[in-house]
Amino acid sequence: MGEGHNATGRALQEAAERLWPGVEVHWVDVLDAMGPGTGPAFRRIYTTSVERLPWLYEFFYASVWHHGWFARAAKRVIGAWSGRRLATHLDRIRPDLVVSTYPMGSTGLEWLRRHRGLSVPAAAWISDFAPHPSWVHDGLDLNLVMHEVAVPPARRGVPGAPVAVSAPPVPRAFRPGDRTSARARLGLPAEGLLAAVSCGSLAFGHSGDTVRELLDGDPGIHVVVVAGRNDRLRRALAATFSGEPRVRVLGWVDDMAGLMTAADVVVTNAGGATALEALACGRAVLMHRPIAGHGHTNAELMADAGLARVCARPGDLAATLRAFRAEPARLRALEDAALRHAGAYRLEDGLRTVAATTAAAHGRVLPAPDALFLHADTPAVPQYVGTALVFEPGPPLSREQAARMLATVPGIDGRLRRGGLLRRARWVPAGVDPLSLVDEARADDLPAAVDEFFSTPLPGQGGVGAARLVTGLPGGRRALLVKLHHALGDGMTVLQALLSDTDNAASLSWATRPSARLSRGGFRPEARRVATGLWWLARAGSAPPTPLDGPITGPARHHALVRLPGRQVRQAARALGVTPAELLKTVFAESLHDVLGSQPSARFRLMVPWSVRGTESLRSAGNHTGAVSMDLPVGPMDVRERARRVAEVMRERTEAGVPEAAHTVVRLSGRLPARLHASVAKGMYRGTWFNAIGTVMPGPRREVRWHGSVMSEAYPVLALAPGAGLAWGAMTWGEWILLVYTGTTALAPVVDRLAKRTDAVFADLAT
Numbered sequence: 001m002g003e004g005h006n007a008t009g010r011a012l013q014e015a016a017e018r019l020w021p022g023v024e025v026h027w028v029d030v031l032d033a034m035g036p037g038t039g040p041a042f043r044r045i046y047t048t049s050v051e052r053l054p055w056l057y058e059f060f061y062a063s064v065w066h067h068g069w070f071a072r073a074a075k076r077v078i079g080a081w082s083g084r085r086l087a088t089h090l091d092r093i094r095p096d097l098v099v100s101t102y103p104m105g106s107t108g109l110e111w112l113r114r115h116r117g118l119s120v121p122a123a124a125w126i127s128d129f130a131p132h133p134s135w136v137h138d139g140l141d142l143n144l145v146m147h148e149v150a151v152p153p154a155r156r157g158v159p160g161a162p163v164a165v166s167a168p169p170v171p172r173a174f175r176p177g178d179r180t181s182a183r184a185r186l187g188l189p190a191e192g193l194l195a196a197v198s199c200g201s202l203a204f205g206h207s208g209d210t211v212r213e214l215l216d217g218d219p220g221i222h223v224v225v226v227a228g229r230n231d232r233l234r235r236a237l238a239a240t241f242s243g244e245p246r247v248r249v250l251g252w253v254d255d256m257a258g259l260m261t262a263a264d265v266v267v268t269n270a271g272g273a274t275a276l277e278a279l280a281c282g283r284a285v286l287m288h289r290p291i292a293g294h295g296h297t298n299a300e301l302m303a304d305a306g307l308a309r310v311c312a313r314p315g316d317l318a319a320t321l322r323a324f325r326a327e328p329a330r331l332r333a334l335e336d337a338a339l340r341h342a343g344a345y346r347l348e349d350g351l352r353t354v355a356a357t358t359a360a361a362h363g364r365v366l367p368a369p370d371a372l373f374l375h376a377d378t379p380a381v382p383q384y385v386g387t388a389l390v391f392e393p394g395p396p397l398s399r400e401q402a403a404r405m406l407a408t409v410p411g412i413d414g415r416l417r418r419g420g421l422l423r424r425a426r427w428v429p430a431g432v433d434p435l436s437l438v439d440e441a442r443a444d445d446l447p448a449a450v451d452e453f454f455s456t457p458l459p460g461q462g463g464v465g466a467a468r469l470v471t472g473l474p475g476g477r478r479a480l481l482v483k484l485h486h487a488l489g490d491g492m493t494v495l496q497a498l499l500s501d502t503d504n505a506a507s508l509s510w511a512t513r514p515s516a517r518l519s520r521g522g523f524r525p526e527a528r529r530v531a532t533g534l535w536w537l538a539r540a541g542s543a544p545p546t547p548l549d550g551p552i553t554g555p556a557r558h559h560a561l562v563r564l565p566g567r568q569v570r571q572a573a574r575a576l577g578v579t580p581a582e583l584l585k586t587v588f589a590e591s592l593h594d595v596l597g598s599q600p601s602a603r604f605r606l607m608v609p610w611s612v613r614g615t616e617s618l619r620s621a622g623n624h625t626g627a628v629s630m631d632l633p634v635g636p637m638d639v640r641e642r643a644r645r646v647a648e649v650m651r652e653r654t655e656a657g658v659p660e661a662a663h664t665v666v667r668l669s670g671r672l673p674a675r676l677h678a679s680v681a682k683g684m685y686r687g688t689w690f691n692a693i694g695t696v697m698p699g700p701r702r703e704v705r706w707h708g709s710v711m712s713e714a715y716p717v718l719a720l721a722p723g724a725g726l727a728w729g730a731m732t733w734g735e736w737i738l739l740v741y742t743g744t745t746a747l748a749p750v751v752d753r754l755a756k757r758t759d760a761v762f763a764d765l766a767t
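Counting along the sequence shown from 1, when you hit position 528 you're at 528 in UniProt numbering, and nothing is skipped either side.
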């Protein structure tokens, strides 16, 4: 929308590069981001309104300024539109700081803060002197205005908005300089008054009338008119003043800083970037016939600040020049005021202030894949993902260190709210100190410590996480037990977050700290693939009955920890012609057969979470999983035949698009009314459809250290689902594959026998 907003952006980029050498700066044009054709359409509407329908533009501008309800309504519409489109770019860039130089961008950032949990500092640089309410946002961390006189109207327009004064956001080339040398370099007359006329890149207004008044006001004046990108105006002015030696007509000028340095006065009509650049150069600004809307209000505030002279009526500009000629001190006074203003602030200070701000936290609606686990959660069947991290003897570990690791999980400082009849499930900020979520305990048995910790509900109503530092284990080992509500994220979220706090995080593939995803897009499976997957889901039906079925009456859990040699697992998988993940499911089926004594036709349905993360969501917090429900062959058969059947079923369903279809169903359920969505979510995630949950996760194969101690083991702990009393998770860690069986206390004997049989089956395969 003109070049002024881009000029402000360039100035901020320069300042950021001076302040933080090596900083990466990414640009997003919000109008282009809002969709094809949006930019040209808005620019056409804007130029048409200003040039041909100024009364309409003035009416709209005044309505937003004087009627709060109208401003809020406009922001809601624009914010939802621009915010959703900006979200994809912010997810891709993952910035540490966001600044906006355009009102629609600022409105979109505020919407993302309030509705999607934008958690990095965000600020608006308001490069108009008049802080129109569409510019100012109380949901951003700071609104930077151009002068002290702009602070009160900004706060009146948007009560509660944080407002501060900024240096003029102009490139560093715009600074006081020697007028004589600038004129010589540009080939301009050394003597006489020189006026630069510039009305922005679009050159709105009546530049011809401006030139005539300047010539009338001072016979010795020289005028340089800049028509910007308005080539039609440039040709018209050149034709009109072709015989006037005192007038030079230019189009787009790259060295506007040099021209302003050469000038005595800068004449403009909008009070935007051109006026700020002139002030930064210490030049007098004359506002001639300000354009409708922001031009009028900018001119008034600049005059109130003593930084401009407003020439609104015919003849005012000529009269002002005559006054300057009669009393040169008046011109010098304007220049002195401009110089004082230009030197009062540094642009870097504004950036530094914003970067040091703790971003204001706002609640956000949970995406449907996250809300699923909040709706499925009950006191008897809490939904969490967790891990037991085991450390070899080494430097002491502390609660404070554990709290810092826990703090890497997005949302750990908040609470979860289920919603109601109309209100959807939400995450809300609560200012929870991660240190308050960490306790310490001594234990001489790791499985017993795991049982106790994961049988205890999460702290507080709507609690999202907890950790326990366990000391006293045999051989001087320690453990850190961590559990997080499943609504915060899947196993990959936990793995990435915790690894990001390790000593050698930079060398680990999965050690990028996840961030809350702002966009709801990014998941775009092929329609045919989803349709095929839906057909498979529809014909799957309910799970077969098994001896493990039954209601879960309380949160107490029993766990069995299994450590398998990774190399032998991979060798055995190759020998059987399957993947290691398929082999682990085969061994589970084999162990089930041995423990339960299944009949030849027996089936056992395992629900396998399956990542649907793409490149856009690889480092995003939250749940990005589908599910594959597979009927395991648990009857009597040779292990090779069992492996073949498991692999065949697994590949058949994944290739058919079942994971993508399941994830699509979950996402679409989020479009239902709030209460209905909660009921559907509960109906989807329960033992009616599967008998157990089992998953295999990737993990680092190289050594991991945390505060100098070797993190030798990491056991993944899964939650149960309502009506399904068994779950298991496996993960590669260094030279091991670590597996945890989780069951109700009623199934403790089965859990222990499954763990023993798993060890025995792998021992047989290794021989």
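Positions of the beta carbon are idealized from the N, C-alpha and C atoms, including for glycine. A quick note: this is a predicted structure, and the numbers were derived from the prediction, not measured.
What separation, rounded to the nearest whole angstrom, lies between the Cα atoms of A150 and P369? Take the alpha-carbon of A150 and the one of P369: they are about 45 Å apart.
Just curious, the beta strand (DSSP E) that H558 is in, first and last residue? In the DSSP annotation of this structure, the continuous segment of the beta strand (DSSP E) that includes H558 starts and ends at R557 to P565.
Do you know how far the Cα of P171 is from the Cα of R234? The straight-line gap from Cα to Cα measures roughly 25 Å.
Between V562 and L676, is the Cβ-Cβ spacing less than 7 Å? No.
Residue span of the beta strand (DSSP E) that contains W733, given as start and end: Run containing W733: L726 to W733, per the beta strand (DSSP E) assignment.
Do E641 and V761 have their beta-carbon atoms positioned less than 7 Å apart in this structure? Cβ distance not < 7 Å, so V761 and E641 don't count as in contact.
How far does the beta strand (DSSP E) with R309 in it reach, from first residue to last? Element bounds for R309: A308 to C311.
Which residues mark the beginning and the end of the beta strand (DSSP E) in which E713 is found? Here the beta strand (DSSP E) through E713 covers S709 to L718.
Could you give the first and the last residue of the continuous beta strand (DSSP E) run that contains P633? Per DSSP, the continuous beta strand (DSSP E) segment holding P633 begins and ends at T625 to P633.
Going along the chain, which residues of its own chain have a beta-carbon closer than 8 Å to the beta-carbon of R686, five neighbours each way excluded? So the list reads A376, A721, P722, G723 and A724, once near-sequence residues are dropped.
Could you tell me which whole beta strand (DSSP E) segments of length 3 or greater appear in the segment 458–501? For the segment 458–501, whole beta strand (DSSP E) runs of length 3 or above, ordered along the chain, are 465–471 and 478–485.
Can you grab the Cα-Cα spacing for the pair D91 / R557, in whole Å? Between the alpha carbons of D91 and R557 lies a gap of roughly 37 Å.
Apart from the five residues just before and just after G622, which ones in its own chain have a Cβ nearer than 6 Å to its Cβ? For G622, where only same-chain residues beyond five positions count, the Cβ hits under 6 Å are D370, G489 and R517.
Can we say the segment 592–606 touches the segment 657–670, given the rule of at least three CB pairs closer than 8 Å? No, because fewer than three Cβ pairs between the segment 592–606 and the segment 657–670 fall closer than 8 Å, the two stretches do not touch.
What are the boundary residues of the beta strand (DSSP E) that N143 is part of? L142 to V145 is the extent of the beta strand (DSSP E) around N143.
D439 - DSSP class collapsed to helix/strand/coil: When secondary structure is reduced to three states using DSSP, D439 falls in the strand class.
Shortest alpha-carbon distance to D264 belongs to which of A338, M146 and A284? Residue A284 is the option with its Cα nearest to D264.
Does the structure place the segment 219–233 close enough to the segment 244–261 that three or more beta carbon pairs sit under 8 Å? Pairwise C-beta distances place the segment 244–261 in contact with the segment 219–233, as three or more of them are shorter than 8 Å.
At the level of alpha carbons, what is the spacing between L109 and T297? For the pair L109 and T297, the Cα-to-Cα distance works out to about 25 Å.
Applying the criterion that 16 or more other CB atoms from any shown protein chain within 10 Å of the CB defines a buried residue, is L422 buried or exposed? Classification for L422: exposed.
Given 8 Å as the limit, is there contact between the segment 525–536 and the segment 420–439, that is, 3 or more CB pairs closer than that? Segments in contact, no.
Nearest candidate by alpha-carbon position, reference D444, set L473, A719 and G343: Per the Cα distances, L473.
Pick from V354, F588 and D503 that is closest to R702, judged by C-alpha positions: Among V354, F588 and D503, the Cα nearest to that of R702 is on D503.
Beta strand (DSSP E) segments (min. 3 residues) lying fully within the segment 401–445: 414–417, 426–429 and 438–442, all fully within the segment 401–445.
Can you check the segment 66–119 for any alpha helix (DSSP H) of at least 4 residues that lies completely inside it and give the ranges in chain order? DSSP assignment within the segment 66–119 yields the following whole alpha helix (DSSP H) runs of 4 residues or more, N-terminal first: 68–93 and 103–115.
Through-space distance from P633 to F588, alpha-carbon basis: Distance between F588 and P633, taken at the CA atoms: about 10 Å.
Residues that L286 bridges to, as DSSP identifies them: L286 is bridged to V267 and R309.
In chain order, what residues of the same chain lie with their CB nearer than 7 Å to the CB of A380, ignoring the 5 residues before and after it? The residues are I552, T553, G554 and P555.
How big is the Cα-Cα spacing for R156 and A73? Inter-residue distance for R156 and A73 is about 17 Å (C-alpha atoms, whole angstroms).
Does DSSP classify M637 as helix, strand or coil? In the structure shown, the three-state DSSP call for M637 is coil.
Rounding to the nearest angstrom, what Cα-Cα distance links L710 and W135 in this structure? Rather than Leu, the amino acid found at residue 710 in this sequence is Val. Each residue's alpha carbon lies about 52 Å from the other.
T107 versus D304 - alpha carbon distance: Approximately 28 Å, taken between the alpha carbons.
Would DSSP call G622 helix, strand or coil? Of the three classes helix, strand and coil, the one that applies to G622 here is strand, per DSSP.
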